[in-house]
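Q: Just so you know, the sequence shown maps onto residues 12 to 294 in the working numbering.
For every residue, glycine included, the Cβ atom is placed at its ideal position computed from N, Cα and C.
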Amino acid sequence: ICILIYPLADVILHALRIPSKLYAMTRSYTLIVFSGILFVFFYNFNAYLFRSMGNSSTPLVWLAVSSLLNIVLDILFVTEFQMGVQGAALATVISQALSGIGITVHAFLRLNILHLQKTDLKWNSTRMKQIIISDCSTGIQQSVMNFGILMIQGLVNSFGPVIMAAFAAAVKIDTIAYMPAQEFGNAYSLFISQNYGADKQDRIRKGTAIAFRLSSLFCLSVSVLIFLYAGNLMKIFVSSSNTDIISAGISYLRIEGSMYIGIGILFLWYGYFRAIDLPQISL
């Protein structure tokens with residue numbers, strides 16, 4: 012990805028219609044933040060490994076430490092050192108490095124399954140095919156939503172700084188709001204895969220009923236909160252004096268927020284098809 016991003020950065024940013032007065036900052040942020048993508052992979056790989064073995068607390072601890080460090084470094088680099096967007100990007104990469112490297116070392120120290128022997132190093136074409144199909148299907152499926160947001164971002168940018176700022180702030184709130192629903196889907200996927208492998212159909216049916224009820228209840232609750240407090244949430248990211256930005260952001264959040272239940276159900280179905288080894292259906 013980095014091999015593509017760095018030489019094509021200008022092409023991509025021009026395609027997204029970044030306003031000229033924001034172009035230099037956007038380019039600088041993008042080039043820095045993409046240097047941390049390998050650390051994101053390390054974290055996700057080991058986090059899912061821990062979760063698949065019934066340990067969901069370890070990934071949470073490393074994520075919490077990384078998030079707190081990110082906040083501290085953001086304040087330090089942007090406010091104290093006056094580094095602007097470059098400081099924000101650098102803070103993100105350092106935090107990603109901590110979580111990625113930290114959880115990888117933790118996994119090697121705690122999980123004997125990672126201590127490979129020569130006898131483990133055998134070529135298995137069937138397993139390789141299974142991994143490629145599963146990974147590519149899941150990767151494409153999870154990228155579709157973000158790719159759609161990216162395309163919308165290009166259209167939004169053509170409306171100027173006000174709508175651009177409103178969209179940027181609202182998307183942050185939107186992402187935080189439905190992120191737990193996405194994690195419901197991930198946890199549900201692990202639960203289904205374990206019981207599918209053990210052929211425990213009764214547990215799958217019971218778990219599915221519980222998962223859909225919990226996710227729907229959560230999404231409906233969040234939709235109500237977003238509708239009622241959209242203005243207050245926008246003011247976390249935008250100064251109260253920027254009433255036009257806040258107004259545009261409120262409109263976005265109330266329309267988008269009304270459909271969280273659909274997103275929650277979609278994430279559960281994604282998780283289900285991944286769990287029963289049919290990730291291509293999600294495409």
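What do you reckon, are the CB atoms on Ala241 and Ile261 nearer than 9 Å?
A: The answer is yes: Cβ separation under 9 Å.
Q: Can you round the beta-carbon distance between Phe248 and Ala180 to whole angstroms, since I take them to be within the 8 Å contact cut?
A: Contact flag correct, Cβ pair sits at about 4 Å.
Q: Roughly how many whole angstroms lie between the Cα atoms of Leu231 and Ile215?
A: Whole-angstrom Cα-Cα distance: 24 Å.
Q: Could you compute how far the alpha carbon of His126 sits from the alpha carbon of Phe119?
A: Cα to Cα, His126 sits roughly 7 Å from Phe119.
Q: What would DSSP say about Leu166, mapped onto helix, strand or coil?
A: Leu166: helix per DSSP, three-state reduction.
Q: Within 8 Å, do at least three Cβ pairs link the region 216-225 to the region 134-146?
A: Judged by Cβ distances under 8 Å, the region 134-146 makes no contact with the region 216-225, as fewer than three pairs qualify.
Q: Taking Val76 as the reference, which of Ile187, Ser204, Asp131 and Thr103 has the closest Cα?
A: Residue Thr103 is the option with its Cα nearest to Val76.
Q: For the alpha helix (DSSP H) that Lys133 lies in, which residues bound it at each end?
A: It is not in any alpha helix (DSSP H) - Lys133 carries neither H nor E in the DSSP assignment.
Q: Do you know how far the Cα of Ile23 is from the Cα of Ile16?
A: Spanning the two alpha carbons is a distance of roughly 8 Å.
Q: May I ask whether a heavy atom of the ligand FMN can be found less than 8 Å away from the beta carbon of Asn55?
A: This structure lacks the ligand FMN; in fact it carries no ligand of any kind.
Q: Cα separation between Pro195 and Leu33?
A: Here residue 195 is Phe; the residue named in the question, Pro, does not match the sequence. In a straight line, the C-alpha of Phe195 is about 37 Å away from that of Leu33.
Q: Rounded to whole angstroms, what's the CA-CA distance from Val96 to Leu132? Just pull it up for me.
A: In a straight line, the C-alpha of Val96 is about 45 Å away from that of Leu132.
Q: With a 10 Å radius around its C-beta and 16 neighbouring C-beta atoms as the bar for buried, classify Ala26 as buried or exposed.
A: Looking at its Cβ environment, which holds fewer than 16 other Cβ atoms inside 10 Å, Ala26 is exposed.
Q: Could you tell me if Met245 is buried or exposed, where buried requires 16 or more neighbouring beta carbons within 10 angstroms of its beta carbon?
A: By the 10 Å Cβ count, Met245 comes out buried.
Q: Distance check for Leu87 and Tyr281, CA to CA, integer angstroms please.
A: Distance between the alpha carbons of Tyr281 and Leu87 is about 39 Å.
Q: Under 8 Å, with one C-beta from each stretch per pair, do the region 67-75 and the region 110-118 reach the 3-pair mark?
A: The region 67-75 is in contact with the region 110-118.
Q: Out of Ile174, Ile144 and Tyr189, which has the shortest C-alpha to C-alpha gap to Met156?
A: Minimum Cα distance to Met156 is reached at Tyr189.
Q: Quick check: the Cα distance between Met94 and Gly47, rounded to an integer number of angstroms?
A: Looking at the two C-alpha atoms, the distance is approximately 18 Å.
Q: Out of Gly159, Tyr207 and Ile14, which one is the CA nearest neighbour of Leu49?
A: Considering only alpha carbons, the answer is Ile14.
Q: Assign Asp210 to one of three DSSP states: helix, strand, or coil.
A: Coil at Asp210, not helix or strand.
Q: To the nearest angstrom, report how far apart Glu91 and Tyr263 are at their CA atoms.
A: Answer to the nearest angstrom: the Cα atoms are 33 Å apart.
Q: Find the nearest neighbour of Phe178 within the set Leu161, Val83, Ile287 and Leu122, judged by alpha-carbon distance.
A: Here the closest residue by C-alpha is Leu161.
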